[in-house]
Amino acid sequence: MYYALLPRSAVLAVIIVVVAAYNFEDTEFNQILANDLEDVYSFTYSHPRSRRDDKAVEEDKCHPPRRGRPLCCAEETMRKLHDDKKEIKRACFKEITGKEKPERPDRHHGPPFDPFSCEKIEQHRRDMMCIQQCVGEKLDYLDADGKPKPEQFEKYVEGIFEKEDYLLPLKDKIVSVCLDEAKNATEKVSSDPCKSTGLVLEHCIFINTQLNCPEDQIKDKKMCSKFQDRLRQGFDKRSSPSPEAEDE
Numbered sequence: 152m153y154y155a156l157l158p159r160s161a162v163l164a165v166i167i168v169v170v171a172a173y174n175f176e177d178t179e180f181n182q183i184l185a186n187d188l189e190d191v192y193s194f195t196y197s198h199p200r201s202r203r204d205d206k207a208v209e210e211d212k213c214h215p216p217r218r219g220r221p222l223c224c225a226e227e228t229m230r231k232l233h234d235d236k237k238e239i240k241r242a243c244f245k246e247i248t249g250k251e252k253p254e255r256p257d258r259h260h261g262p263p264f265d266p267f268s269c270e271k272i273e274q275h276r277r278d279m280m281c282i283q284q285c286v287g288e289k290l291d292y293l294d295a296d297g298k299p300k301p302e303q304f305e306k307y308v309e310g311i312f313e314k315e316d317y318l319l320p321l322k323d324k325i326v327s328v329c330l331d332e333a334k335n336a337t338e339k340v341s342s343d344p345c346k347s348t349g350l351v352l353e354h355c356i357f358i359n360t361q362l363n364c365p366e367d368q369i370k371d372k373k374m375c376s377k378f379q380d381r382l383r384q385g386f387d388k389r390s391s392p393s394p395e396a397e398d399e
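Note that the sequence shown covers residues 152 to 399 in this note's numbering.
Structural data, given as structure tokens:
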């Protein structure tokens, strides 16, 4: 696990490589996954009054709502990518579970629904892993076994960057690094029903994009600096070898 440094150019190319499956320890990327689950589940865990207030804000065209946390750059592109995949993810959830959406607990009968129980958290992780694999297959950058298709994945990344031409110099390196990372993820033995390849590839694109935003594309430099620090700290945490690995 290491940082791969590229020569300085118009973009400060610092490509991060994580030789492991995605383990849900990146809190920033987890926020994006939480939004994905919210879309798939078709309801949130917020108080009804809060939802009404949110709706009122959304209807105010002079103050459009910001979905999720602000990013360093390519924010509109990332938001559009998220929105474009909503229906695909919902279709994948139906294929995987046979349901339109998870059953909501009865409001007045039975035990209360606890979204933070260990069982629910593990189920959310499995759901997201399978949904992302399904999405990758439907977008044709993963095969039926959850393994990446290099040429199709390159086209997928190019499609993301086409409106962010300042990131195009990074495309080849990001594609290469992310494919290597995904290969390691597919080779890792796991009891999970689906492979984490889809999550690994999306996380790899996200973190390497946000750590390489050119200065002139960053709207809020103070916020971005803190955001990038959190990404690096999360990477360092995930990259720390376990005691078992050190003993080997």
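Backbone N, C-alpha and C fix where the C-beta goes; we use that ideal spot for every residue, glycine too.
Buried versus exposed, by CB contacts within 10 Å (16 or more), residue i
| i | result |
| --- | --- |
| Asn363 | buried |
| Gln284 | buried |
| Lys373 | exposed |
| Cys223 | buried |
| Ile412 | The question about residue 412 has no answer, for the chain in this structure spans 152 to 399. |
| Leu156 | Note on Leu156: pLDDT 34, under 50, position unreliable in the model; the coordinate value appears next. With fewer than 16 other Cβ atoms within 10 Å, it is exposed. |
| Asp380 | exposed |
| Ala225 | buried |
| Gln361 | buried |
| Gln384 | exposed |
| Lys237 | exposed |
| Lys271 | exposed |
| Lys377 | exposed |
| Leu319 | exposed |
Of the residues the options, the one placed nearest residue i, counting alpha carbons only
| i | options | result |
| --- | --- | --- |
| Lys411 | Glu315, Glu270, Leu293, Tyr292 | The question about residue 411 has no answer here: the residues shown for the chain are numbered 152 through 399. |
| Val286 | Asp187, Thr178, Tyr173, Phe175 | Asp187 |
| Glu288 | Glu270, Cys243, Pro320 | Cys243 |
| Ile282 | Asn335, Thr360, Glu246, Ile311 | Glu246 |
| Leu350 | Arg277, Asp234, Glu273 | Arg277 |
| Glu302 | Tyr317, Glu226, Lys322 | Lys322 |
| Asp343 | Ile239, Met279, Ile183 | Met279 |
| Tyr173 | Lys240, Ile311, Asn335 | Asn335 |
| Ile356 | Met229, Thr178, Leu290, Pro221 | Met229 |
| Gln274 | Ala295, Pro320, Lys377, Thr248 | Thr248 |
Proximal residues to residue i (C-beta, below 7 Å), its chain only, five neighbours per side dropped
| i | result |
| --- | --- |
| Pro121 | The shown model of the chain, from 152 to 399, leaves out residue 121, and the question about it has no answer. |
| Val403 | No answer is possible for residue 403: it lies beyond the span of the chain, which begins at 152 and ends at 399. |
| Phe175 | Asn181, Arg276 |
| Gln368 | Cys224, Tyr317 |
| Ile239 | Val286, Lys289 |
| Phe312 | Leu318, Leu319, Lys322 |
| Leu382 | Glu179, Ile358, Gln361, Leu362 |
Contact set for residue i: own chain, Cβ-Cβ below 6 Å, skip 5 residues either direction
| i | result |
| --- | --- |
| Thr337 | Lys298, Lys346, Thr348 |
| Arg220 | Gln182 |
| His354 | Tyr173, Phe180 |
| Cys401 | No answer is possible for residue 401: the residues shown for the chain start at 152 and end at 399. |
Contact test: residue i Cβ vs the ligand FMN heavy atom, cutoff 7 Å
| i | result |
| --- | --- |
| Pro344 | For the structure depicted, the ligand FMN is absent and the ligand set is empty, with no information on it obtainable. |
Beta-carbon proximity list for residue i, same chain, < 8 Å, skipping 5 on both sides
| i | result |
| --- | --- |
| Glu366 | Lys372 |
Go through the stretch 264-319 residue by residue and report every complete run of the alpha helix (DSSP H) that reaches 4 residues or more, in order.
Listed in chain order, they are 269-289, 301-312.
With a floor of 4 residues, list each alpha helix (DSSP H) that falls wholly inside the stretch 349-381, ordered by position along the chain.
Counting only runs of 4 or more, we get nothing.
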